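K.L.:
Sharing a structure below in structure tokens format, with a few things to ask.
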Amino acid sequence: MPGLLASIALIVGFTTQYYGKGKEKNGFEELDDPHKKSIRLVAVIFAVFAAVIGVLSIKQPILTDRNLLVAAPAIYFLVVTGFSRFTVYRGNRLKTVLIGISLISLYYYSRHYYKPFKEQWRESSQFIISTILESPSEYTVYCSSHSYNLEYFLKTAGITAISPGIYSKEEAERFISDPKRKKLVVLETSWKHLDSDELNALFPQNRFDREDRLFYGMRVVMIRKK
Numbered sequence: 000m001p002g003l004l005a006s007i008a009l010i011v012g013f014t015t016q017y018y019g020k021g022k023e024k025n026g027f028e029e030l031d032d033p034h035k036k037s038i039r040l041v042a043v044i045f046a047v048f049a050a051v052i053g054v055l056s057i058k059q060p061i062l063t064d065r066n067l068l069v070a071a072p073a074i075y076f077l078v079v080t081g082f083s084r085f086t087v088y089r090g091n092r093l094k095t096v097l098i099g100i101s102l103i104s105l106y107y108y109s110r111h112y113y114k115p116f117k118e119q120w121r122e123s124s125q126f127i128i129s130t131i132l133e134s135p136s137e138y139t140v141y142c143s144s145h146s147y148n149l150e151y152f153l154k155t156a157g158i159t160a161i162s163p164g165i166y167s168k169e170e171a172e173r174f175i176s177d178p179k180r181k182k183l184v185v186l187e188t189s190w191k192h193l194d195s196d197e198l199n200a201l202f203p204q205n206r207f208d209r210e211d212r213l214f215y216g217m218r219v220v221m222i223r224k225k
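What the sequence shown shows, in numbering that gives the first Met the number 0, is residues 0 to 225, in sequence order.
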């Protein structure tokens, strides 16, 4: 949602900057040529900046929800500035648009970012990578949630043979019943905790070796058949 709002804000903002104080034409206030040229220059700079950020994000995610939280005030200002160029949106209509965008963002952020918290995705993923790097084909990897995050780190490390799945009791039973699979790694996130009693019942100590590694907000559970 924040990324969508940011994209809409930038598109509307740059488009409507062609219109400002001056002669009205087709519901807009048309600007003079020098102002339009400056907007074109800003648009080119933004396009280059966006391309560079996009390339950098291939290795390290930058345009994330958390980062967009910092840019939210500037994004909202750009939205208001953009819509204010339309004469039809002036007055109460503009206020309604701003209130609507704010309420949508409030709903999203209050659900997911209601307290200061950071999971150690990078550290836990690097630990998993160092564990399975030498023989990734021997491991089965699951996440309790958000498996695509771990998949991203695995791919950046060159491990493409493994596609992490979402852990469930059914998947654990498939691992147990498959004699070809010997080693299991489960990444627990704060979004969905594993059932400790269920893990103990599925993987008793007399049949499995188990090691838990704790990270901030996360846990890596490593299991090996005896």
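Quick reminder that beta carbons are idealized off the backbone N, C-alpha and C, glycines included. Model, not experiment: these values are computed from the prediction.
#1: Got a sec, what are the start and stop residues for the alpha helix (DSSP H) Thr130 sits in?
#2: Can you tell me the Cα-Cα spacing of Leu193 and Val54, whole angstroms?
#3: Can you check DSSP and say which residues form a bridge with Tyr141?
#4: Between Asp177, Trp120 and Lys117, which has its C-alpha nearest Tyr138's C-alpha?
#5: Decide if Asp190 is buried, meaning its Cβ has at least 16 other Cβ atoms within 10 Å, or exposed.
#6: Drop a sphere of 10 angstroms on the beta-carbon of Ala171, count the other beta-carbons inside from all chains shown, and report buried for 16 or more, exposed for fewer.
#7: In its own chain, which residues sit with a C-beta less than 7 Å from the C-beta of Arg223, not counting the 5 before and 5 after it?
#8: Within the same chain, show all residues whose beta-carbon is closer than 8 Å to that of Pro135, passing over the 5 residues directly before and after it, in chain order.
#9: Just the Cα atoms here: how many angstroms apart are Ser143 and Leu149?
#10: Going by CA-CA distance only, name the one from Arg39, Arg121 and Phe48 that's closest to Thr188.
#11: By a C-beta neighbour count over all protein chains shown, 10 Å radius and 16 as the cutoff for buried, is Ser123 buried or exposed?
P.N.:
In terms of the structure at hand:
#1: Trp120 to Ile131
#2: 36 Å
#3: Gly164 and Val185
#4: Asp177
#5: The sequence as given places Trp at residue 190; Asp does not occur at that position. It is exposed - the Cβ of Trp190 has fewer than 16 other Cβ atoms within 10 Å.
#6: buried
#7: Lys181, Lys182, Phe207 and Asp208
#8: Ile158, Ala160 and Ile161
#9: 11 Å
#10: Arg121
#11: buried
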